[in-house]
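Notes follow the structure.
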Amino acid sequence: MSTFDIPIGPQHPALPEPLLLKLEVEGETVVGVDFDVSYMHRGIEKLLETKTYFQGLPLVERICGICNAAHGVCYTLNVEKLYDKEIPLRAQYLRLIIEELSRIHSHLLWLGVAAFEIGFNTMFMYTWRDREHVMDMLESITGNRITTEYSQIGGVRRDISQELAGKLLKTMDIVEERTKYYIKVALTERTIAKRTQGIGYLSTADAKSTCSVGPIVRSSGVKFDVRASDPYTAHDEVPFNVITSDSCDVFGRVVVRAQELLECVNMIRYAIKHLPQGPFRIKLPWKPNAGEALTRVEAPRGELLHYTLSDGNLKPYRYKVRTPTLANLGALRAMLTSKGRYVVNIGDVPITYGSIDPCICCTARVHFIDVTKGRSWIWTLDEIRERSKRGRLLR
Amino acid sequence: MSSEEEIFNELKGVFGEKLIDHKVQKRRVYIRVFNDAYKDVIRYLVNNKGIYHLETITATELKDGIEIMAHLGMDTSISIRTTISKEEPKIPSICDIIVGAEFYEREIHDLLGVTFEGHPNPIRFVLPDDWPEGVHPLKKSFETKHNAPLREGVE
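Chains A and B are the protein sequences, given in the same order.
Per this note's numbering, the first sequence starts with residue 1, numbered consecutively.
Per this note's numbering, the second sequence starts with residue 396, numbered consecutively.
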């Protein structure tokens, strides 16, 4: 039978991201695929070369709206390697807390998106409602729901008070209870099993050869988690289990992510209980030493890598970012072009694509909320600039 | 996994003079090799040491050439670096050893103009379709400026 090309994207209701999938189909089944990701290239690596290390942080946080905590932590850890200074342990614990909180919100978000893709809208509503508890905590701790910029070069921006820690523990109880319910649903609900088992198959050999990362590779039975293999912040002190699954399909990815939520909850509890005393930030000079540094962080979507080359100036000579979705594109192609028993139907393309949890970016304005007066308003960039010159941001 | 120094010593025993120098950081060793040994060292690490995971490939334009660095490994990582000339930036592709290298090499080709010889699918990856041919934005000679107006006569 002759083949037929179907372009999906870059703007398509079934895909949550500007990616063009050029599918080669034979009847209803996919036989070949090619990607075009050029719609999203923003030139951030080039732009970082024109900013000082301290100016670069807000930009790095905006690479991804959902993994922003991972990007922020990775950037600050990476730049700190250029200074020969010990960062306070309390800051590392606080970074871990914010990172795991952001993982919880990202995984809950993904569970909702995945449920939506398979037509299970009730679960989509449930997970996104529960995600709000986590978002509220993120806002209480950092002051913002997303693009938190909590991790700073030299430590973190704010401390966590005793009262806030208690509130966080209560939120963790809610998340744990709801996650156990989702795991029960995922394991027993026929809708999920029918639409995810055997779909988006990625064999262990393919997962290894395409160098895929994160929950994708773990759901194909490979025990690879940067938090365990290359510990950063306080991950070498906070115990956790690396969750894997042998089912190699979308179902495995649902289970791995759901069970990771429980691990995150336990890690946050442990971190709060063992939070060391001491300063949460030290002051570092504007100019780091010359040298190079490479840092890997386990973002919600997998291994995130930042590399910088410094020539001792205010600005980096070269800054390289490798996001997890780029590493998983090879895996996505392997999934979509599976042969035989696991051949992909066109109807399964959205959930297969969604299962790698591709990243979405947003936010183009600034929204201010005055909690004490209960007002909210929006400022343009010029207004903010004008006010920051005058040195006050609140009306 | 063996320690950083052990990895270097083992490679030194196999490749001898082809390895130029090395630098050790925590759980990472950077090894500088000659151009012609770049692919052989990676092949040895994948086939004989079982280090199949490629973290990424980074490319940096330096004063005297373009540095290509392949980062391999899961726990103790090895970064194999080599410098190629700016006039004729060419290096063998490692896609036949590591399938996952394809997108990284295509990205470097777009941004720095390095040709990866033997790449299975050397087409444009991250740059838009209407981007001029032969302009590589990560080169130091490329200057950033504000976007030109989309239509003529519109400031």
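Using N, Cα and C, we set each Cβ at its ideal position, and we do this for glycine too.
Are residue 67 of chain A and residue 231 of chain A touching if we call contact CB-CB under 9 Å? no
Residue 450 of chain B and residue 303 of chain A: beta carbons closer than 9 Å? Taking 9 Å as the cut-off, the Cβ atoms of residue 450 of chain B and residue 303 of chain A count as close.
List, in order along the chain, the chain B residues whose C-beta lies closer than 8 Å to that of residue 224 of chain A? 448, 469
Pull up the DSSP beta-bridge partners for residue 306 of chain A, would you. A:295, A:321
Counting only the same chain and skipping the five closest in sequence on each side, list residues whose C-beta sits under 6 Å from that of residue 290 of chain A. 310, 311, 312
Along the segment 65-93 of chain A, what residues have a CB closer than 7 Å to any CB found in chain B? For chain B, none of the residues of the segment 65-93 of chain A brings a beta carbon within less than 7 Å of one of its beta carbons.
To the nearest angstrom, how far is it from the Cα of residue 96 of chain A to the Cα of residue 489 of chain B? 36 Å
Anyone know if the C-beta pair for residue 120 of chain A and residue 195 of chain A falls short of 9 Å? Yes, the Cβ-Cβ distance between residue 120 of chain A and residue 195 of chain A is below 9 Å.
For residue 349 of chain A, three-class secondary structure by DSSP: helix
Kindly list the residues whose CB is nearer than 7 Å to the CB of residue 503 of chain B, restricted to its own chain and excluding five residues on each side of it in sequence; keep chain order. 452, 454, 509
Can you list the beta strand (DSSP E) stretches of 3 or more residues lying completely in the segment 15-43 of chain A, in chain order? Complete beta strand (DSSP E) runs here, min 3: 20-26, 29-36.
Reduced DSSP category for residue 459 of chain B - H, G, I as helix; E, B as strand; rest coil: coil
Inter-residue CB distance, residue 260 of chain A and residue 272 of chain A (contact presumed, cutoff 8 Å): That pair is no contact at about 19 Å.
Going along chain B, which residues have a C-beta under 9 Å from residue 17 of chain A? Contact note: residue 17 of chain A does not reach chain B at a C-beta cutoff of 9 Å; the least C-beta distance is about 15 Å.
Measure the alpha-carbon distance for residue 11 of chain A versus residue 250 of chain A and round it to whole angstroms. 24 Å
Local Cβ density within 10 Å of residue 181 of chain A, reported as buried at 16 or more and exposed below that: exposed
Under 9 Å, CB to CB, which of the residues in the segment 146-171 of chain A have a partner in chain B? Against chain B - using a Cβ distance shorter than 9 Å - the segment 146-171 of chain A contributes no residues.
Examine chain B for any beta-carbon lying closer than 9 Å to the beta-carbon of residue 50 of chain A, and answer yes or no. yes
How big is the Cα-Cα spacing for residue 283 of chain A and residue 228 of chain A? Straight-line Cα distance between these residues: approximately 29 Å.
C-alpha gap between residue 539 of chain B and residue 416 of chain B, whole angstroms: 35 Å
Straight-line CA distance for residue 172 of chain A to residue 316 of chain A? 39 Å
Give the interface partners of residue 460 of chain B over in chain A, defined as CB-CB distance under 9 Å, in chain order. Within 9 Å Cβ-Cβ: nothing; residue 460 of chain B doesn't reach chain A, min ~14 Å.
Does the segment 140-152 of chain A come within contact of the segment 109-119 of chain A, defined as at least 3 CB pairs closer than 8 Å? no
On the CB-based measure, 16 or more other CB atoms within 10 Å of its CB, does residue 186 of chain A come out buried or exposed? buried
Any Cβ of chain A within less than 9 Å of the Cβ of residue 436 of chain B? no
Quick one: does residue 427 of chain B have its CB under 9 Å from some CB of chain A? Residue 427 of chain B does not count as touching chain A.
Which bits of chain E does residue 498 of chain B rub up against, with CB to CB less than 7 Å? Among the protein chains of the structure shown, namely A and B, there is no chain E.
Give me the subset of the segment 34-60 of chain A whose CB atoms are less than 9 Å from a CB atom of chain B, sorted by chain position. 34, 35, 36, 37, 38, 39, 40, 41, 43, 45, 46, 47, 49, 50
8 Å CB neighbourhood of residue 512 of chain B in its chain, flanking five on each side removed: 485, 486, 487, 488
Pick out whichever of A:71, A:19, A:53, A:144 has its Cα sitting closest to the Cα of residue 295 of chain A. A:71
Taking the alpha-carbon positions, what's the residue 528 of chain B to residue 27 of chain A distance? Residue 528 of chain B and residue 27 of chain A: Cα-Cα distance of roughly 37 Å.
Thinking C-beta only, is residue 102 of chain A closer than 9 Å to residue 404 of chain A? For residue 404 of chain A there is no data in the structure shown, the boundaries of chain A being 1 and 395.
Span separating the alpha-carbon of residue 262 of chain A from that of residue 404 of chain B: Their Cα atoms are separated by approximately 42 Å.
Do residue 456 of chain B and residue 476 of chain B have their beta-carbon atoms positioned less than 9 Å apart in this structure? Taking 9 Å as the Cβ cut-off, residue 476 of chain B and residue 456 of chain B do not qualify as a contacting pair.
Assign residue 169 of chain A to one of three DSSP states: helix, strand, or coil. helix
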